[in-house]
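**Student:**
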Amino acid sequence: MTLIAEPQTTSPPRPTQPPVAGRVALVGRSAVGAGICDQLETRGYVVRQAPDLAGARALLAGAEAVILLAPAGSEAQAARDCQRLSRRPGASVIVVYAGAQAGFAVDALEAGADDCVCAPVNPREVVARVRAALRRRALGERRSRLEQVGALVIDHVQMRVRLPDDRILSLTPAQFRLLGALARRQGAVVARETLVAEVLGEDSDSYDRAIDVQICRLRKRLAQVGLGKLISAMPGVGYRLSPAPDRVGP
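Note that the UniProt record's numbering has the sequence shown beginning at 1, numbered continuously upward.
(1) Between the beta-carbon of residue 181 and the beta-carbon of residue 147, is there less than 8 Å?
(2) May I have a chain-ordered list of the alpha helix (DSSP H) segments no shorter than 4 residues that lie completely inside the UniProt domain "OmpR/PhoB-type" (144-243)?
(3) In three-state terms, what does DSSP make of residue 23?
(4) Considering only the alpha carbon of each residue, which of 225, 108, 128 and 125 lies closest to residue 170?
(5) If you check the beta carbons only, do residue 99 and residue 119 fall under 8 Å apart?
(6) Mapping DSSP to helix, strand and coil, what is residue 65?
(7) What does the alpha-carbon distance come out to for the pair residue 8 and residue 158?
(8) At a cut of 8 Å, does the stretch 33-51 reach the stretch 75-89 through at least three beta carbon pairs?
(9) Under the three-state reduction of DSSP, which class applies to residue 121: helix, strand or coil?
(10) Looking at the ligand HEM, does it come within less than 7 Å of residue 236, judged from the CB to the closest heavy atom?
(11) Tell me, please, whether the stretch 31-48 touches the stretch 58-70 by the rule of three or more beta-carbon pairs shorter than 8 Å.
(12) Which residue comes first and which comes last in the alpha helix (DSSP H) that contains residue 48?
(13) Below 8 Å between beta carbons: does that hold for residue 195 and residue 222?
(14) What does a CB cutoff of less than 6 Å around residue 232 pick up in its chain, not counting 5 residues either side in sequence?
(15) Using CA atoms only, rank isn't needed, just tell me which of 151, 154, 115 and 124 is closest to residue 331.
(16) So, helix, strand or coil for residue 98, using DSSP?
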């Protein structure tokens with residue numbers, strides 16, 4: 001008996017999806033809005049649209065940039081919308097205004113906008129400004145994640161401290177919060193009340209000696225790697241963090 005093999009069929013490869021360049025909320029309606037949306041989507045951005053800010057609450061969740069389309073004659077409303085958007089953490093706000101009212105860009109920026117594009121509006125320019133805003137945002141996030149204290153590097157995301165010789169300094173969560181609070185104000189005296197609130201919590205007593213105990217323990221831990229003089233006390237005021245030396249040792 002002769003066996004006849006059935007021809008094997010292979011499924012065509014699925015088209016790969018382009019990487020998402022960013023998520024943009026487009027708030028408002030205007031003639032230039034469609035062109036901006038097309039330019040963004042062509043470059044891989046995910047764009048969600050809403051007719052006005054009042055109905056855009058869900059739209060703004062997860063957005064990395066917000067484009068506010070301000071129709072001509074609504075400068076005051078656009079400024080109020082900028083103020084509301086600027087209170088939301090995370091997203092960069094770019095106002096696109098098709099009118100030619102002198103001074104509107106200044107009002108929008110003072111109201112909290114990160115950027116403002118006025119007439120004549122070029123959709124490609126708006127996209128370029130979105131890309132620039134997201135680059136600045138990413139750079140700011142990277143800088144806020146890492147804190148440099150001399151040659152010490154504090155990673156606020158992974159909650160670890162890297163020494164100049166690349167060793168990792170292990171700290172308790174309270175010690176890490178304390179070091180971070182001092183590092184954010186490096187060189188300045190930080191009041192005890194501020195440290196108590198940031199390290200122990202807002203409800204803690206500002207005269208609680210627990211913060212002094214934490215300072216003592218952190219100093220001892222730093223002294224073990226040759227950084228015992230990093231934290232200095234200002235009696236009756238607070239504590240100060242000095243820059244770490246380039247090398248550590250006993």
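Don't be surprised by glycine CBs; every beta carbon is placed ideally from N, CA and C.
**Tutor:** Reading it off the structure:
(1) Against a cut-off of 8 Å, the Cβ pair of residue 147 and residue 181 comes out as no contact.
(2) You should have 173-183, 192-195 and 210-223.
(3) Secondary structure of residue 23 (DSSP, three-state): strand.
(4) Of all alpha-carbon atoms in 225, 108, 128 and 125, the one lying nearest the alpha-carbon of residue 170 is that of 225.
(5) Cβ atoms of residue 99 and residue 119: closer than 8 Å.
(6) Residue 65 sits in a strand when the DSSP states are folded into three classes.
(7) Here the model assigns residue 8 a pLDDT of 48, short of 50, so the residue's position is not dependable and the matter cannot be decided.
(8) The stretch 33-51 makes no contact with the stretch 75-89: fewer than 3 CB pairs, one atom from each, lie closer than 8 Å.
(9) In the structure shown, residue 121 sits in coil (DSSP, three-state: anything other than H, G, I, E or B).
(10) As presented, the structure is devoid of all ligands, the ligand HEM included, so that no description of it is given.
(11) They touch, by the three-pair rule.
(12) In this chain, residue 48 is not harboured by any alpha helix (DSSP H); it is covered by the beta strand (DSSP E) spanning 45-50.
(13) Contact check for residue 195 against residue 222 fails: the beta carbons are separated by 8 Å or more.
(14) Excluding residues up to 5 positions away in sequence, 240 lie with their Cβ nearer than 6 Å to the Cβ of residue 232 in the same chain.
(15) There is no way to answer for residue 331, as the model of the chain reaches only from 1 to 250.
(16) Residue 98 carries a coil assignment under DSSP once its states are collapsed to helix, strand and coil.
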